[in-house]
Every structure is written in C-alpha cells, then in structure tokens.
Ligand code: CP
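Printed below as a string of structure tokens:
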C-alpha cells in the first residue's frame, strides 16, 4: 500500500499515499490519547535525529513519535557532534550508518541535504525541513489538521499568506493541497514572492489580502523568515502587520467557520495578532498535536510497521 523508503519531497506521494498517512495518523491519535501512549511496534529499530538547524516542534514531535513506537533514538546534530570539528556531513552519515541506524530524520539550512544523505546511506531518510525547499511532514500534519476540522479537501478555499519566497512550508503545502483537491491562493507583496510563484502550482497569486479574505475557509499565516532575508522586503514590521497581518480588525471579514493555521514559531504582532492566534478559530495547537500523530504514521509506514506486526505475531505463535 505504501511502497516508499524515503520521504524527500511531497511530490513522491500520491493522493492515495497521503490518505494512507492521514488514516494511519488517525489510528495513532487514538494511541496518543491513551494514558499509556506507547506501542511495541518498532522495537529494535534505531532512528537518528540529525538536526543541524534549530527546531522545537519538528524535533520534539519526531522524538516523541519514535519513543511512542518503541524505537531507539540517537540525537546526532548540533554543537555536541563532530561536525563542529570539521567532519563532513557525508562522513557523519556514513559513520552513523555503520552503527546500523534504520532511519535518519534530517533538518538542514541547505536545500537538498536530505537527498544527499539518502545517497550516502542504506537507511531510510525523512526531510524534516531543508532550506527554502520543502518541509513535507509539516504539509502532512497541516493536511491532517485541516481534514479533521473541515472533513474534506474538495473545493476548500485555502489562502497562504506572507513570506512565500523563503517558505519551505509553502514549498510542500501548496502541491499537497492541490493534490487533495483544494483551491489555493497565495497572498503576499511582490517582495515576498519567489521569482516564479506559478511553479508552486497555486490557483492564483494576489497582493490584496482584504479582497480574498472573506472567501477563505482556511487562512494559513506564514512567519517572516528573518534568518533567510538579506534586504528589508517591506518598510517596517508595523506596515507589514497593517497590510498582511491577521489582526483583530480582520476577524469580522472572515467566514464564520474559517479556521486559522500557522506552522510556528509565531511572530506575534507581525503576521498574527495574539487575539487571533489564541481565538477559537485557531487550530495552531491542533497542528502541533497532529505533528506527533502524523510522524508516528510516517515512521511506521516507512519502516514497515505493518510487516513487523505480522512477523511479531508469527514469532509469538511459534
Ligand atoms: N514548524 C516547524 O518546523 O517548527 P520548528 O522549527 O519549531 O520545528
């Protein structure tokens, strides 16, 4: 059913694959709501979390997903690893592969790093965010959250607002939403759009937030990626907030049942006012919880959890 070794880009997944991940995430959501949130399914498997860029949500939810599936985890990124002594990434990956790691979870500031890791290991690889390229597990957890809130993607009007130019979230989310049948509008000033926004595959692109806001079922706000911006793309944060921020004043323009998403971390008072971030429309906390369920589903599917269960049962009956 789910015949993949790696998740390096959302393009690798068909609509059926995505539904398979979402349905498995629903199963793991039930596990995450139990008092004892642990399954023996992947005991004996080892996962290396190779995070060479900061992360709270992605790293935390992958670590929890691994523990709740009974995998052994190894954290190899950051200042405690030999990369700071000048070891190349490929040497690090080969070293860890020789320790019989089954999967690498890779976050890196350079686009294409997870694919490079996959070329240099026999283990599975998941892209946990690479530069401005993609963040496929974020897109899957966003789909899961939207699916739970809205029940279907067909004809759903989704607006993605803000720093599209530097967003790996948009790089995965736009194709994922289109694959599932949603209608996607990108909303941003020209200075925060990529040179060819059409490549992302959205239905339309506009700088006029207030014109499209009343039609949207899902308002997906993006963070301004200050760490990836060299020149000021707008005169001031205050002006950006006035034109593109989801402010309390814009609440009354939204559909009654429209929801607000944000991948986090939020720049409160810039792209999203606290009033809106903490309102009943906001599903931001649900997105974080979805992250654990979806990442459990992906690890389970990529590491052959279903086959393992069959072989565990065979062993038990012998
Ligand atoms: N959404 C997201 O990737 O957040 P982190 O950088 O905290 O992992």
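In the working numbering, the protein residues as written are 196 to 513.
Where a beta carbon is used, it is the ideal one built from N, C-alpha and C, also for glycine.
All values derive from a computational prediction rather than experimental measurement.
Is the beta carbon of residue i sitting closer than 8 Å to the one on residue j?
i, j, result
"residue 531", "residue 417", "Beyond the ends of the chain as shown, which are 196 and 513, falls residue 531; an answer cannot be given."
"residue 242", "residue 261", "yes"
"residue 263", "residue 234", "yes"
"residue 323", "residue 300", "yes"
"residue 467", "residue 493", "no"
"residue 412", "residue 356", "no"
"residue 379", "residue 410", "no"
"residue 340", "residue 485", "yes"
"residue 487", "residue 227", "yes"
"residue 265", "residue 238", "yes"
"residue 483", "residue 454", "no"
"residue 332", "residue 490", "yes"
"residue 458", "residue 364", "yes"
"residue 550", "residue 313", "Coverage of the chain is limited to positions 196 through 513, which leaves residue 550 absent and any answer about it impossible."
"residue 298", "residue 283", "no"
"residue 334", "residue 367", "yes"
"residue 370", "residue 383", "no"
"residue 292", "residue 271", "no"
"residue 219", "residue 207", "no"
"residue 376", "residue 348", "yes"
"residue 285", "residue 358", "no"
"residue 389", "residue 360", "yes"
"residue 548", "residue 338", "With the chain covering only 196 through 513, there is no way to say anything about residue 548."
"residue 205", "residue 406", "no"
Can you give me the start and stop residues for the alpha helix (DSSP H) that residue i sits inside?
i, result
"residue 218", "210 to 227"
"residue 563", "The chain is shown from 196 up to 513; residue 563 falls before or after that span and cannot be answered."
"residue 438", "432 to 439"
"residue 298", "Element bounds for residue 298: not the alpha helix (DSSP H) but the beta strand (DSSP E), 298 to 303."
"residue 467", "Here residue 467 belongs to no alpha helix (DSSP H), and DSSP marks it neither H nor E."
"residue 231", "Where residue 231 is concerned, there is no enclosing alpha helix (DSSP H), given that its DSSP letter is neither H nor E."
"residue 382", "That residue, residue 382, is in no alpha helix (DSSP H); its beta strand (DSSP E) goes 378 to 382."
"residue 405", "404 to 407"
"residue 241", "Not the alpha helix (DSSP H): residue 241 falls in the beta strand (DSSP E), residues 241 to 246."
"residue 389", "It is not in any alpha helix (DSSP H) - residue 389 carries neither H nor E in the DSSP assignment."
"residue 485", "479 to 497"
"residue 336", "331 to 345"
In or out: residue i buried (at least 16 other Cβ within 10 Å) or exposed?
i, result
"residue 452", "exposed"
"residue 496", "buried"
"residue 510", "Since pLDDT at residue 510 reaches only 40, below the 50 mark, its modelled position is unreliable, and the value read off the structure follows with that caveat. Exposed is the call here."
"residue 567", "The shown model of the chain, from 196 to 513, leaves out residue 567, and the question about it has no answer."
"residue 258", "buried"
"residue 506", "Any reading at residue 506 must be qualified, since the residue scores a pLDDT of 47, below 50, and its modelled position is unreliable; the value itself is stated next. Answer is exposed; the Cβ neighbour count stays below 16."
"residue 203", "buried"
"residue 229", "exposed"
"residue 433", "exposed"
"residue 438", "exposed"
"residue 254", "buried"
"residue 513", "A caution first: residue 513 carries a pLDDT of 45, below 50, which makes its placement in the model unreliable, though a value can still be read off. By the 10 Å Cβ count, residue 513 comes out exposed."
"residue 196", "exposed"
"residue 295", "exposed"
"residue 317", "exposed"
"residue 391", "exposed"
"residue 393", "exposed"
"residue 211", "exposed"
"residue 290", "exposed"
"residue 471", "buried"
"residue 498", "buried"
"residue 256", "buried"
"residue 309", "buried"
"residue 240", "buried"
"residue 500", "buried"
"residue 244", "buried"
"residue 251", "exposed"
First and last residue of the beta strand (DSSP E) that includes residue i?
i, result
"residue 352", "352 to 356"
"residue 456", "454 to 456"
"residue 443", "Taken as a continuous stretch (DSSP letters only), residue 443 belongs to no beta strand (DSSP E), being part of the alpha helix (DSSP H) at 443 to 446."
"residue 266", "No beta strand (DSSP E) holds residue 266; DSSP gives it neither H nor E."
"residue 416", "413 to 416"
"residue 399", "399 to 401"
Kindly give me the distance between the Cβ atoms of residue i and residue j, rounded to whole angstroms, as I take these residues to be in contact under 8 Å.
i, j, result
"residue 373", "residue 350", "Not quite, the Cβ-Cβ distance comes to about 12 Å (not below 8 Å), so this is no contact."
"residue 552", "residue 465", "Because the chain spans 196 through 513 in this model, residue 552 falls outside it and cannot be assessed."
"residue 518", "residue 387", "Look at the range of the chain in this structure, 196 to 513, and you will see that residue 518 is not part of it."
"residue 302", "residue 247", "6 Å"
Would you list, in sequence order, the uninterrupted beta strand (DSSP E) runs of no fewer than 3 residues that lie entirely inside the region 272 to 326? 298 to 303, 319 to 325
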